[in-house]
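Asker:
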Amino acid sequence: YSFFPGRPRWPARQSDLTYAFEPRNQLSDDVKRVFASAFSRWSEWTPLTFTETSNYFAADLKIGFYSGDHGDGEAFDGVLGTLAHAFAPPAGLLHLDIAETWITGNVIASGSPSAMDLESVAVHEIGHVLGLGHSSVEDAIMFPTIPSGVRKVELDRDDIEGIQVLYGTNPDNNSTTGPSFGGREISGVT
Amino acid sequence: NFFPNVSSIPPSFLPNTTAGAWDSFNKLSGCRPGQNVTGISKLKNYFHYFGYITNTTGNFTDDFDDDLESAVKNYQRNFNLNATGELDESTVQQILKPRCGVADIVNGTSTMNSGKSSSMIKHTVAH
Chain A
619 YSFFPGRPRW PARQSDLTYA FEPRNQLSDD VKRVFASAFS RWSEWTPLTF TETSNYFAAD
679 LKIGFYSGDH GDGEAFDGVL GTLAHAFAPP AGLLHLDIAE TWITGNVIAS GSPSAMDLES
739 VAVHEIGHVL GLGHSSVEDA IMFPTIPSGV RKVELDRDDI EGIQVLYGTN PDNNSTTGPS
799 FGGREISGVT
Chain B
-3 NFFPNVSSIP PSFLPNTTAG AWDSFNKLSG CRPGQNVTGI SKLKNYFHYF GYITNTTGNF
57 TDDFDDDLES AVKNYQRNFN LNATGELDES TVQQILKPRC GVADIVNGTS TMNSGKSSSM
117 IKHTVAH
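Those sequence lines, one after another, are chains A and B. The working numbering puts the first residue of the first sequence at 619, with every later residue one more than the last. The working numbering puts the first residue of the second sequence at -3, with every later residue one more than the last.
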């Protein structure tokens, strides 16, 4: 694991974070459920909690789907290539490329060479908005690449060690030998 | 473009989604230092974007020069590949994979194989 330069993190007094979706995207409940699940992957191992709010401008974390140049200096490049990006604390911005074919359910056994599992990418980008950089550990969520048709949503030991350096453990779950280590969900076709 | 599963994607939609943004890098497989190959400049832009080349002018040639060789080696180390400095098949296939847009290296210091110490990273960049 690694951190952003200066090791930015959300302050200790701000462990209950809110998130909201770009109103112009008008995302379905299915898509929002994917993000709720992605956030739970991180709250399982930290004291952080994540609550959706309808107040986009007041939310700590702002999630949106955009295309091309969308004003943050990091233009998206269409199908595949860069899928998403996020900004270190306390920016809280999580952007995804609207040009991708996003799968909100079962991406396994994909017949499409470009179908991307939304939750897998969401879990990775949430790691960034919490303060983690990229990892060279291939099984880690924070490894920079993910092939199409692959679902990789459970935190690796490397991810958990990194996030717990920043925020400590979940007082209700401080084990490192829990089910997520015994039966990690990484599957799919490349 | 949200779908609950792959079978729900309209067939007419699929043919238009197979060309990835970096497919042109496929033809660079086998390139090595000292060569001049059309398309190398685009690859240099890729490495610049992800922090492996720090040229600030943004003007790149198609020469496989020392800067690119160094970038390729660093990339290979970060992705657990043999650090040959050449664009071998496994390196190109890794480059072609879809990925996060956050840079791997900031200000010339790796944020991937940094020994897990943020003290090695000298400057703050918001991205």
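Each residue gets a CB set at the ideal place from its N, CA and C atoms; glycine is no exception. Since this is a predicted model, take the numbers as computed values, not measurements.
If you draw a straight line from the C-alpha of G35/B to the C-alpha of D63/B, how long is it?
Answerer: Distance between the alpha carbons of G35/B and D63/B is about 16 Å.
Asker: One question on the structure: do F653/A and A733/A come within less than 8 Å of each other, judged by their Cβ atoms?
Answerer: Going by C-beta atoms, F653/A is not nearer than 8 Å to A733/A.
Asker: Where does F60/B land, buried or exposed, given buried means 16+ other C-beta within 10 angstroms?
Answerer: Label assigned to F60/B: buried.
Asker: Cβ atoms of A677/A and V96/B: under 8 Å apart, would you say?
Answerer: According to the sequence displayed, residue 96/B carries Cys and not Val. Cβ distance not < 8 Å, so C96/B and A677/A don't count as in contact.
Asker: Between which residues of its own chain and G104/B is the CB-CB distance below 7 Å, once the five residues before and five after are set aside?
Answerer: Closer than 7 Å at the Cβ level, and outside the excluded window around G104/B, lie T50.
Asker: Using a Cβ cut-off of 9 Å, which residues of the segment 756 to 768 of chain A contact any Cβ in chain B, in chain order?
Answerer: Against chain B - using a Cβ distance shorter than 9 Å - the residues of the segment 756 to 768 of chain A are E756, M760, F761, P762, T763, I764, P765, S766 and G767.
Asker: Using only the alpha-carbon positions, how far apart do T719/A and F(-1)/B sit?
Answerer: Between T719/A and F(-1)/B, the C-alpha separation is close to 8 Å.
Asker: Going residue by residue through the segment 757 to 787 of chain A, where are the continuous alpha helix (DSSP H) segments of at least 4 residues, counting only ones entirely within it?
Answerer: 775 to 785, all fully within the segment 757 to 787 of chain A.
Asker: Does the beta-carbon of A638/A have 16 or more other beta-carbons within 10 angstroms, so that it is buried, or is it exposed?
Answerer: Buried.
Asker: Any Cβ of chain A within less than 8 Å of the Cβ of P0/B?
Answerer: Taking Cβ atoms only, chain A reaches closer than 8 Å to P0/B, which makes this a yes.
Asker: Rounded to whole angstroms, how far is the Cβ of D715/A from the Cβ of S685/A, which I believe are closer than 8 Å?
Answerer: Indeed, because the Cβ distance is near 7 Å, the residues count as touching under 8 Å.
Asker: Indicate whether the contact test is met: 3 or more Cβ pairs, each with one atom in the segment 780 to 788 of chain A and one in the segment 657 to 670 of chain A, closer than 8 Å.
Answerer: Yes: at least three Cβ pairs fall under 8 Å.
Asker: From this set, R769/A, D757/A, G745/A and S766/A, which residue's C-alpha is nearest R625/A's C-alpha?
Answerer: Nearest of R769/A, D757/A, G745/A and S766/A to R625/A, Cα basis: G745/A.
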